[in-house]
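A.B. asks:
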Amino acid sequence: MKGTYLGEFEELVLLAVAALSGDAYGVTIGTLIEEQANRSVTISTVHNVLYRLEKKGFVKSELGGATAERGGRNKRLFTITAAGQAVLSESKEIRNKMWGNIASFNS
Amino acid sequence: MKQSKPPVWADRFLEWFCSQDYIDEVQGDLYEWFSLRVKKQGLRKARLLYILDVVRFIRSYRLKSPEELNQNSNNTAMIRNYLITSWRSLSKNKSFATINIAGLTVGMAAYLLISMYVRHENGYDQFLENKENIYRMGQNRYNQGVLSTQWAAGCSVVGSALKDNFPEVLEYVRMTPSNAVVSYQDEVFREENAYYASETFFDVFSFKLIEGIDSTVLKDPYTMVISASTAKKYFGNENPIGKTIRHNGARDFDITGVFADLPKNSHMNADMLFSFETYVDIVGEEARTQWNWDGFYNYIVLREGTDPKDFEAKIPAFVQAQIGEELEQTNHLVEFFLQPVTDIHLTSDYMMEFKPNGSKQSTNFLFIISIFIILIAWINYINLATAKSLDRSKEVGIRKVMGSLRGQLMTQFLVESFLLNMASLILAVLLVYISLPYFNVLSGRTLSFEFLQLNNLSQFGLLLFLGTVLSGLYPAFILSGFKPVSILKGKFKSSAKGNYLRKGLVIFQFFTSLVLMVGTATVFYQLDYMNNQDLGVNIDQTLVVRGPNVTDSLYNDRLNYFKQSLISNSDISSITASTSVPGRQPTWNAGGIRLLSEAEGDGKQYRVIGGDHDYFNAYELDLLTGRQFDKNRVNDNETVLMNESATELMGFDNIESALSQEIFFWGDTFQIVGVVKDYHNESLKKSFEPLIFRLIPNASNFYSMKVSTSNMSRTIASIEEEWKLQFPGNPFDFFFLDDYFQEQYKAEVQFGKVFVLFAALATFIACLGLFGLASYITSQRTKEIGVRKVLGATLMNVLTLLTKDFALLIVVAVILAVPISWMIMSGWLDGFAYKINMEWWLFALPGLVLLIIALMTVSFQTIKSGLANPVDSLRHE
Numbered sequence: 016m017k018g019t020y021l022g023e024f025e026e027l028v029l030l031a032v033a034a035l036s037g038d039a040y041g042v043t044i045g046t047l048i049e050e051q052a053n054r055s056v057t058i059s060t061v062h063n064v065l066y067r068l069e070k071k072g073f074v075k076s077e078l079g080g081a082t083a084e085r086g087g088r089n090k091r092l093f094t095i096t097a098a099g100q101a102v103l104s105e106s107k108e109i110r111n112k113m114w115g116n117i118a119s120f121n122s
Numbered sequence: 002m003k004q005s006k007p008p009v010w011a012d013r014f015l016e017w018f019c020s021q022d023y024i025d026e027v028q029g030d031l032y033e034w035f036s037l038r039v040k041k042q043g044l045r046k047a048r049l050l051y052i053l054d055v056v057r058f059i060r061s062y063r064l065k066s067p068e069e070l071n072q073n074s075n076n077t078a079m080i081r082n083y084l085i086t087s088w089r090s091l092s093k094n095k096s097f098a099t100i101n102i103a104g105l106t107v108g109m110a111a112y113l114l115i116s117m118y119v120r121h122e123n124g125y126d127q128f129l130e131n132k133e134n135i136y137r138m139g140q141n142r143y144n145q146g147v148l149s150t151q152w153a154a155g156c157s158v159v160g161s162a163l164k165d166n167f168p169e170v171l172e173y174v175r176m177t178p179s180n181a182v183v184s185y186q187d188e189v190f191r192e193e194n195a196y197y198a199s200e201t202f203f204d205v206f207s208f209k210l211i212e213g214i215d216s217t218v219l220k221d222p223y224t225m226v227i228s229a230s231t232a233k234k235y236f237g238n239e240n241p242i243g244k245t246i247r248h249n250g251a252r253d254f255d256i257t258g259v260f261a262d263l264p265k266n267s268h269m270n271a272d273m274l275f276s277f278e279t280y281v282d283i284v285g286e287e288a289r290t291q292w293n294w295d296g297f298y299n300y301i302v303l304r305e306g307t308d309p310k311d312f313e314a315k316i317p318a319f320v321q322a323q324i325g326e327e328l329e330q331t332n333h334l335v336e337f338f339l340q341p342v343t344d345i346h347l348t349s350d351y352m353m354e355f356k357p358n359g360s361k362q363s364t365n366f367l368f369i370i371s372i373f374i375i376l377i378a379w380i381n382y383i384n385l386a387t388a389k390s391l392d393r394s395k396e397v398g399i400r401k402v403m404g405s406l407r408g409q410l411m412t413q414f415l416v417e418s419f420l421l422n423m424a425s426l427i428l429a430v431l432l433v434y435i436s437l438p439y440f441n442v443l444s445g446r447t448l449s450f451e452f453l454q455l456n457n458l459s460q461f462g463l464l465l466f467l468g469t470v471l472s473g474l475y476p477a478f479i480l481s482g483f484k485p486v487s488i489l490k491g492k493f494k495s496s497a498k499g500n501y502l503r504k505g506l507v508i509f510q511f512f513t514s515l516v517l518m519v520g521t522a523t524v525f526y527q528l529d530y531m532n533n534q535d536l537g538v539n540i541d542q543t544l545v546v547r548g549p550n551v552t553d554s555l556y557n558d559r560l561n562y563f564k565q566s567l568i569s570n571s572d573i574s575s576i577t578a579s580t581s582v583p584g585r586q587p588t589w590n591a592g593g594i595r596l597l598s599e600a601e602g603d604g605k606q607y608r609v610i611g612g613d614h615d616y617f618n619a620y621e622l623d624l625l626t627g628r629q630f631d632k633n634r635v636n637d638n639e640t641v642l643m644n645e646s647a648t649e650l651m652g653f654d655n656i657e658s659a660l661s662q663e664i665f666f667w668g669d670t671f672q673i674v675g676v677v678k679d680y681h682n683e684s685l686k687k688s689f690e691p692l693i694f695r696l697i698p699n700a701s702n703f704y705s706m707k708v709s710t711s712n713m714s715r716t717i718a719s720i721e722e723e724w725k726l727q728f729p730g731n732p733f734d735f736f737f738l739d740d741y742f743q744e745q746y747k748a749e750v751q752f753g754k755v756f757v758l759f760a761a762l763a764t765f766i767a768c769l770g771l772f773g774l775a776s777y778i779t780s781q782r783t784k785e786i787g788v789r790k791v792l793g794a795t796l797m798n799v800l801t802l803l804t805k806d807f808a809l810l811i812v813v814a815v816i817l818a819v820p821i822s823w824m825i826m827s828g829w830l831d832g833f834a835y836k837i838n839m840e841w842w843l844f845a846l847p848g849l850v851l852l853i854i855a856l857m858t859v860s861f862q863t864i865k866s867g868l869a870n871p872v873d874s875l876r877h878e
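Heads up: the protein sequence lines correspond to chains A and B, in order. First residue of the first sequence: 16, per our numbering; consecutive thereafter. First residue of the second sequence: 2, per our numbering; consecutive thereafter.
1) Would you kindly report the start and end of the unbroken beta strand (DSSP E) that includes residue 669/B?
2) Using the three-state DSSP reduction, which class does residue 748/B fall into: helix, strand or coil?
3) Measure the CB-CB distance between residue 79/B and residue 340/B and report whether it falls below 9 angstroms.
4) Starting from residue 557/B, trace the alpha helix (DSSP H) in both directions and tell me its first and last residue.
5) Skipping 5 residues on each side, what residues in its chain have a beta carbon closer than 8 angstroms to that of residue 863/B?
6) Helix, strand or coil for residue 122/A, going by three-state DSSP, please let me know.
7) Using the Cβ count rule (16 or more neighbours within 10 Å means buried), how would you classify residue 3/B?
8) Let me check one thing: in DSSP terms, what residues is residue 295/B bridge-paired to?
9) The beta strand (DSSP E) that contains residue 26/A, what's its start and end?
10) When you compare the CB of residue 17/B with every CB in chain A, is at least one pair closer than 9 angstroms?
11) Have a look at the DSSP bridge pairing and note the partners of residue 138/B.
12) Can you confirm whether residue 36/B, when its beta carbon is compared against all beta carbons of chain A, has any partner nearer than 9 angstroms?
13) Is residue 606/B helix, strand or coil when you go by DSSP?
14) Find the nearest neighbour of residue 14/B within the set 35/B, 54/B and 33/B, judged by alpha-carbon distance.
15) Which of the three DSSP states, helix, strand or coil, is assigned to residue 16/A?
16) Determine the contact status of residue 114/B and residue 436/B, defining contact as a CB-CB distance below 9 angstroms.
17) What are the residues that DSSP puts in a beta bridge with residue 260/B?
18) Among the residues of its own chain, which have a CB less than 6 angstroms from the CB of residue 16/A, if the five just before and after it don't count?
19) Between residue 426/B and residue 844/B, what straight-line distance do the alpha-carbon atoms span, to the nearest angstrom?
20) Just mark residue 111/A as buried or exposed, buried being the case when its beta carbon has 16 or more other beta carbons within 10 Å.
21) Which chain B residues are close to residue 84/A, counting only those with a beta carbon under 8 angstroms from its beta carbon?
22) What's the gap between the Cα of residue 809/B and the Cα of residue 509/B?
23) Would you mind listing the alpha helix (DSSP H) stretches within the segment 92-118 of chain A that are 4+ residues and don't spill past its ends, in chain order?
24) Name the DSSP beta bridge partners of residue 182/B, please?
25) I want to verify the contact list: residues of chain A whose CB lies under 7 angstroms from the CB of residue 25/B, in sequence order.
26) Identify the residues that DSSP records as bridge partners of residue 333/B: which are they?
27) Taking CB distances under 9 angstroms as the criterion, tell me whether residue 39/A reaches chain B.
28) Using a beta-carbon distance below 9 angstroms, is residue 52/A in contact with chain B?
29) Residues of chain B with CB under 8 angstroms from residue 99/A, in chain order?
30) Is the CB of residue 64/B under 9 angstroms away from at least one CB in chain A?
31) For residue 583/B, count neighbouring Cβ atoms within 10 angstroms of its own Cβ and tell me buried if that reaches 16, exposed if not.
32) Give me the Cβ distance between residue 450/B and residue 814/B, rounded to the nearest whole Å; I'm assuming they're in contact under 8 angstroms.
33) Give the range of the beta strand (DSSP E) segment to which residue 708/B is assigned.
34) Counting C-beta neighbours from all protein chains within 10 Å, is the total for residue 113/A 16 or more, i.e. buried, or is it exposed?
35) Kindly provide the ranges of any alpha helix (DSSP H) runs that are 4 or more residues long and lie completely inside the segment 762-824 of chain B, ordered along the chain.
36) Please tell me whether residue 487/B and residue 411/B are closer than 9 angstroms, where the distance is taken between their beta carbons.
Laid out in structure tokens, this is it:
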């Protein structure tokens, strides 16, 4: 699969979209990554990565779910596509293979 | 929730740039994210991060498309409309636009130049690190309760004494000038800016040392540091470190460091610094410890947070404890004061300043003038715009009927004035670029204009904003206030109120021009007066050669031989050696001089000039009584002459009674043998100073020669030839005494030239406005003039009719300007001991000139319409 290389942060975002199925939008994704990876995230970066992923066809999105807390603004809710799932599992596979090669860690 | 809102303006900004397609998700997410951040990191941090996030959201795909911008904003359409109509109205009234732009351009350029100058003057020594804690010790000496000398360079010990006794003083540096002729191999130069400086020099001042180590370069005796350009002068591209140069033909110094040339905007100038330890080695330990020996710059560094006033207040008691007794015995008093290093350039004018300093007063004065000039230009706009209001009234009426709001109309007129100001500003910046070199010559400074400097950009913004608002608001207000019904009915007349305002503003313009013109006249009259005053000393045709620094034991014979061989030259009529020449304060400033019969405490300070036997004849000084020094009397080196002021200071009722009296001068007794008439040894800014003349036949500072005008270059060549023969190893430096004397008036001459320039500019701009106004008003009355001519009015009648009103305005301006300019200029003249009276013609002449210029401006238009054939003006409806 050419042109499907996933950056490290891209992968995290894509994983978050998959994990949050149905309620994945900028804020929830950002919070999840902050909690799980214990690192500070800027919301604009999350957005920019999401658009990149959408362009690559790994996620799709729709508008909806305005709340008062958002000043009545709609959310853009993301869901993972089949291509997205494929690229995630491929990435995991590659990693597992690589891990298998490290003898001392295998115990 | 109410308090924890993100910054409103950042939000607005987001809404402004972000396309509708993205705004929902972006802003919504930002809000949520923000409230999470508030909980986690606090409001302040959250707001800051919010701003950062907004900025990070700027991506090209999120920006509004041009279509979106246009659709959504009626304002942009209106702005486009404002620009178009403004452009049309300006290009329809080309002369109106030209006059305004010309005036504004000149005004803004003048303002920009002056504000650069003012910033330069205020920027002296601002580059120093720790500048707020560095102070120079100024020193006042009193004699018998009278202030005798104010020193920039006081006694040598004060800095070190303060450091040793007050914890507030962290460091000090001590400097004193060295009269140096310096040689390296065959190169010989006189170094004007050479000083001895103590080793802490580079600790106190953050001048950059290119080679060498700050704390050690000036530590040992016979070491020195030189500036980069001086190094280049002596050694070219060779490394100067470790080289040895010779000082006054006698002492060798090792170069231990090289410092970057001092910035031009430092109050200090130094090309060479010798270690102060050398000076101590030469003159002895008292160079460090004396309270009564002046001529040493002392700079101290106060501990951060020390109040200089509090510290200054502690000094008198300390000085009292140190030398109080001694001072009381001699009835002397010495006072020290702290000069913040950044204030020295504009506020200090004491004995032994490093270089002639600027003046706060004239800097401020110039700044005020530049503001007036730009005001005059803005007034032109107001006047012309309101005068033209009749033309625009129809437009305003129609617009109002079509539903235009008052605010929109005002915006329209403000846009017009903005465009004019913008165009003028661009031209003004160009003008500044072009004229800067000339202005530098005029002001004697080296300003450079960096367009993108923050200061300049903010100046531009300020000019543009003030120009638009000040000059645009009033016309916009008036024009937009017209009632459409009366305009369209044709009943509209320009209001009386507008007329009064216009007249008032014209009066103000000409008032300002006139004050400047009177100022110009006064400055030049005063300069002329000073130049043509009989000095009482003959400085014409006098060539002065600076004496040799490198001398040997045969100096006396060499000097005699030098004088004799030159006097035999038919082009040289006299030659005299002396310790000082007219045109500067004598550097020999001696205290404690008293009559032998007086008590020790009655000594006073006098300036002393030492000269040979020919001094009085050569300078044609007027001997009132007694005799000069006499070559045939062997004991004449125990005699002195004085000027009248000195005899007065010494307490003689008349000059005769001074003769044969004996005075006590630094441990020796001298007899007064003659008194010369007071003469102007220095500029006419100062009154006569008490002078004592001592016989010093081998004085080695200056040799003055009266030379004939013919064959000047040959004469100079033959002097130089003789010089090289007698004083080898010394540079041949000479100057003409009248030029040297003139230099004292440099500041005044500059002031006068600047005055002329700005008076001319102010008058020019005011006349431009008057020209526009006159041509407009005349064209309004074309029909009236036609009728009058048909009924038999002559050209003269018409001219009088049209000019009368303007002439009246000028006359009022003159009447107002006289007292104000009198006040200002007598204040200026108070700085001169010998000054002109403000005579009537100093006001009348500029007034008349201004009236003539103004009338010529007006009549240029009126004659044209007066000569026009009435048939033409009446035929057109």
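We put the beta carbon where it would ideally sit given N, CA and C, even for glycine. Please read these numbers as outputs of a predicted model, since none were measured by experiment.
C.D. replies: Once the coordinates are examined:
1) 669-677
2) helix
3) no
4) 556-568
5) The answer, listed in chain order, is 775, 779, 799, 800, 803 and 804.
6) For residue 122/A, the predicted structure reports a pLDDT of 48, less than 50, and the residue's modelled location is therefore unreliable. A value from the coordinates is still provided. Looking at residue 122/A - three-state DSSP - the assignment turns out to be coil, as it is neither helix nor strand.
7) Note that residue 3/B scores a pLDDT of 47, beneath 50, so its modelled location is shaky and nothing firm can be said.
8) 156/B
9) It is not in any beta strand (DSSP E) - residue 26/A instead sits in the alpha helix (DSSP H) that spans 23-34.
10) Cβ-Cβ to chain A under 9 angstroms: no for residue 17/B.
11) 339/B.
12) yes
13) In this structure, DSSP gives residue 606/B an extended state, which the three-state scheme calls strand.
14) Per the Cα distances, 54/B.
15) Any reading at residue 16/A needs caution, since the residue's pLDDT is 42, under 50, leaving its predicted position unreliable; the model's value is listed next. Note: residue 16/A maps to coil in three-state DSSP.
16) Yes. Within cutoff.
17) 210/B and 228/B
18) Residue placement at residue 16/A cannot be trusted, given a pLDDT of 42 that sits under 50; the coordinates are not used to answer.
19) 34 angstroms
20) Exposed, since its Cβ has fewer than 16 Cβ neighbours within 10 Å.
21) 32, 33 and 36
22) So the two alpha carbons sit approximately 13 angstroms from each other.
23) 97-115
24) Partner residues in the beta bridge of residue 182/B, as assigned by DSSP, are 191/B.
25) Under the 7 angstroms cutoff, chain A gives 78, 88 and 89.
26) DSSP output for residue 333/B lists 144/B as bridge partner(s).
27) no
28) no
29) Neighbourhood of residue 99/A in chain B, by CB distance below 8 angstroms: empty, with the nearest CB roughly 19 angstroms away.
30) no
31) buried
32) Contact flag wrong, Cβ pair sits at about 34 angstroms.
33) Segment 703-708, the beta strand (DSSP E) holding residue 708/B.
34) exposed
35) 783-791
36) no
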